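Okay, structure first, notes after.
Number of protein chains: 2
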Amino acid sequence: MAQIYERVALIGLGLIASSMAYAMREKGLAGEIVGTARSSETRDLAREIGFCDRVVETAAEAVEGADLVVLCVPVGAMGAVAEEIGSHLQSGAVLSDVGSTKRAVIDAVGPHVPEGVHLIPAHPVAGTEQSGPRSGFATLFENRWLLMTPDEGVDPEVLARYKSYWEAMGALVGEMEPDHHDLVLAVTSHAPHLIAYTMVGVADDLRRVTDSEVVKYSAAGFRDFTRIAASDPTMWRDVFLANKDATLEILGRFTEELFALQRAIRTGDGEHLHDYFTRTRAIRRGIIEAGQDTAAPNFGRSGGGG
Amino acid sequence: MAQIYERVALIGLGLIASSMAYAMREKGLAGEIVGTARSSETRDLAREIGFCDRVVETAAEAVEGADLVVLCVPVGAMGAVAEEIGSHLQSGAVLSDVGSTKRAVIDAVGPHVPEGVHLIPAHPVAGTEQSGPRSGFATLFENRWLLMTPDEGVDPEVLARYKSYWEAMGALVGEMEPDHHDLVLAVTSHAPHLIAYTMVGVADDLRRVTDSEVVKYSAAGFRDFTRIAASDPTMWRDVFLANKDATLEILGRFTEELFALQRAIRTGDGEHLHDYFTRTRAIRRGIIEAGQDTAAPNFGRSGGGG
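Line by line, the protein sequences give chains A and B.
The working numbering runs 2 ahead of the 1-based position in the first sequence.
The working numbering runs 2 ahead of the 1-based position in the second sequence.
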């Protein structure tokens, strides 16, 4: 694959940035990869692992001469980083990000983008429950969606080039309006994460059931929730605060529906329950057919549990 | 491994029964395996697959001469089956079940157990999202818990023998008081299942987000919920109706906690969110250390998604 950018600057060096670095190297997409992170521990660790060509001390330094700059910090930190780097960005550069919410990032970053720099907000719908510079791997984006929420005024050639960059890393690229993105992700990601966090917290709290019982019998369904609830706390705090309205709306709908099912349990309305549970099976089939999950029982984990 | 029972009767031929049959055969635990199911389609399918030595028409016929009878039907059907087979049970036989709730099964089955028959309620904490006679496999119970909730008066030798039978199939065997079992499972299984069903139903319902969007971007967390929400509707309807009190209690605690987190989002209380999300990570570590799940990202599924 041919080189697409001469110098790519990654600001923030966690799961997404390190995976991008591995994928870029594997495909030869960047002339040079420069990285930086706020904490010196993270920078030292990244140097030790060696997925960047250079790890520098500051974001301002990292973006010097870069024709692609990708913000890979928690959503709540994007505005401050944009302010720091704004005047250091090279004219003609693409400024992008990998935040899980888009409207808040556009509002926070937009005002700091100088004329001549192309802002293309993006979100790779990919990740694992692990975080930090050690968690990255080159295939993270393969067959996963990269959603872009570009402004209408963005140069089509610049956009096509950035699209080809993600496709080269294996992603399926889609475009969306930022508010619609935030609503869709509230459904497929943000609300499920908050719900999983909540359920795991409840289990942890329950005095009459010991932690060791929860752990021992987790294979009955609960362990799938704990995987989601093991995700990075800072990232997720910022996601919920940044996508407040859509998340609260979906949680409102969720609570309403949960109350209806609780009432069906209380009144012994088995038909309502059975109908509801039958309907939800179909969605699973759709996801497997779309290649977004495995059809193997228990995700192909060995042994049972369920 | 030596034979433990001469004739084992499996009433109901779904995931659990077929997996027991495969495991028994692999280890040589039963002289003969006799099975039956209510629907003729299921009986025909089981004959075709061949995991039983004999498939008979009725439950009464199946239990004739059996020294172990295991009820593998949905919890709501246990009472009627017990009534049908009660007078046909051989003296000295063990009558057990694999229901996910225990108090309701004891109440429904108990009155039909004749003198001289040993009732040992049991629950293998194992399964997959798949169901029916085609879904079984011999290793389903390996390293998974089998919880027994025996009456204090049960013969210790009979109990030890039944325990060794499950251990031979790979299970870790534990004993519990029935009501405590139902509360623990409400936390680790029943409430998480209802919550997953609810969230998937909400996603399906949402007019502004199309089903195809939900399916496409499911890797963001939602797909883990859809696996749980693809479980057998009849089984789960019965579980919720049979474990009504404990499930509603846990759901009440869940809703309370969810409201507190929603309020933290609404008021922008990032510290509350971050503290909560940090606490839930520890439970995941415990489950992995206890050997009840894989430490591999995304359960070891290939590629990303998170």
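Where a beta carbon is used, it is the ideal one built from N, C-alpha and C, also for glycine.
Remember, predicted model here, so these are calculated numbers, not experimental data.
Item                                                                                                                                                                 : Value
Of all Cβ atoms in chain B, is any one closer than 8 Å to the Cβ of H195(A)?                                                                                         : yes
For R229(B), write down the residues that DSSP places opposite it in a beta bridge.                                                                                  : DSSP lists no partner for R229(B).
Quick check on DSSP: helix, strand or coil for Q5(B)?                                                                                                                : coil
At least one CB of chain A closer than 8 Å to the CB of F53(B): is that the case?                                                                                    : no
Measure the beta-carbon distance from H276(B) to P235(A) and round it to whole angstroms, keeping in mind my assumption that it falls under 8 Å.                     : 5 Å
Please tell me whether S214(B) and I6(B) are closer than 8 Å, where the distance is taken between their beta carbons.                                                : no
Expressed to the nearest angstrom, what Euclidean distance is found between the alpha-carbon atoms of D109(B) and P158(B)?                                           : 22 Å
Quick check on V36(A) - is its C-beta less than 8 Å from some C-beta in chain B?                                                                                     : no
With 16 other CB atoms within 10 Å as the buried threshold, where does R146(A) fall?                                                                                 : buried
In the segment 183-251 of chain B, which residue ranges form an unbroken alpha helix (DSSP H) of at least 4 residues, counting only runs that do not cross its ends? : 193-207, 213-218, 224-230, 235-244
Compute the beta-carbon to beta-carbon distance between A23(A) and L12(A), rounded to the nearest angstrom, for a pair I have assumed lies under 8 Å.                : 7 Å
Could you pull the start and end residues of the beta strand (DSSP E) that G288(B) belongs to?                                                                       : Here G288(B) belongs to no beta strand (DSSP E); instead the alpha helix (DSSP H) covers 272-291.
Give the secondary structure of E179(B) by DSSP, where H, G and I count as helix, E and B as strand, and everything else as coil.                                    : coil
Return the CA-CA distance between E50(A) and E59(A), expressed in angstroms with no decimal places.                                                                  : 15 Å
Can you list, in chain order, the stretches of the alpha helix (DSSP H) that have 4 or more residues and sit fully within the segment 52-124 of chain B?             : 61-65, 80-87, 105-111
By a C-beta neighbour count over all protein chains shown, 10 Å radius and 16 as the cutoff for buried, is S93(A) buried or exposed?                                 : exposed
Which whole-angstrom value describes the C-beta separation of K104(B) and I267(A), a residue pair presumed to lie in contact below a C-beta threshold of 8 Å?        : The pair is not a contact, with the Cβ atoms about 18 Å apart (cut-off 8 Å).
Are the C-beta atoms of K29(B) and some chain A residue less than 8 Å apart?                                                                                         : no
Per DSSP, what kind of secondary structure is E131(B) in: helix, strand or coil?                                                                                     : coil
When the cut-off is 8 Å and only beta carbons count, does S220(A) lie next to chain B?                                                                               : yes
Three-state secondary structure (DSSP) at G307(B)?                                                                                                                   : At G307(B), the pLDDT of 48 sits below 50, so the modelled position is not reliable; the number obtained from the coordinates is stated separately. It is coil, neither helix nor strand.
Pick helix, strand or coil for V160(A), following the three-state DSSP scheme.                                                                                       : helix
Going by beta carbon distance, what residues of the same chain come within less than 6 Å of D55(B), once the five residues before and after it are set aside?        : E34, I35
Along the alpha helix (DSSP H) that carries M150(B), what are the first and last residues, could you check?                                                          : Unbroken run through M150(B) is the beta strand (DSSP E), 147-150; no alpha helix (DSSP H).
Counting Cβ pairs closer than 8 Å, one from the segment 197-216 of chain A and one from the segment 182-197 of chain B, do we hit at least three?                    : yes
Please classify P113(A) as buried or exposed, where buried requires at least 16 other C-beta atoms within 10 Å of its C-beta.                                        : exposed
Of all the residues that make up the segment 167-188 of chain B, which are near chain A by a beta-carbon distance shorter than 7 Å?                                  : L185, V186, L187
Starting from P135(B), find everything on chain A with Cβ-Cβ shorter than 7 Å and list it in chain order.                                                            : Those within 7 Å of P135(B) in chain A number zero; the least Cβ separation is about 14 Å.
Is DSSP giving T44(A) helix, strand or coil here?                                                                                                                    : helix
Is there a Cβ of chain B sitting closer than 8 Å to that of P2(A), yes or no?                                                                                        : An answer regarding residue 2(A) cannot be provided, because it is not within the stretch 3 to 308 covered by chain A.
Which residues, in order along the segment 266-282 of chain A, keep a beta-carbon less than 7 Å from a beta-carbon of chain B?                                       : I267, R268, G270, G272, L275, H276, Y278, F279, T280, R281, T282
At a CB-CB cut-off below 8 Å, which residues of chain A make contact with T200(B)?                                                                                   : F256, E259, L260, L263
Helix, strand or coil: which one does DSSP assign to G37(B)?                                                                                                         : strand
Tell me, to the nearest whole angstrom, how far the beta carbon of L161(B) is from that of I122(B); I am working on the premise that it is less than 8 Å.            : 6 Å
Determine, using beta carbons only, whether A297(A) and I290(A) come nearer to each other than 8 Å.                                                                  : yes
Hey, is G223(A)'s beta-carbon within less than 8 Å of any beta-carbon in chain B?                                                                                    : yes
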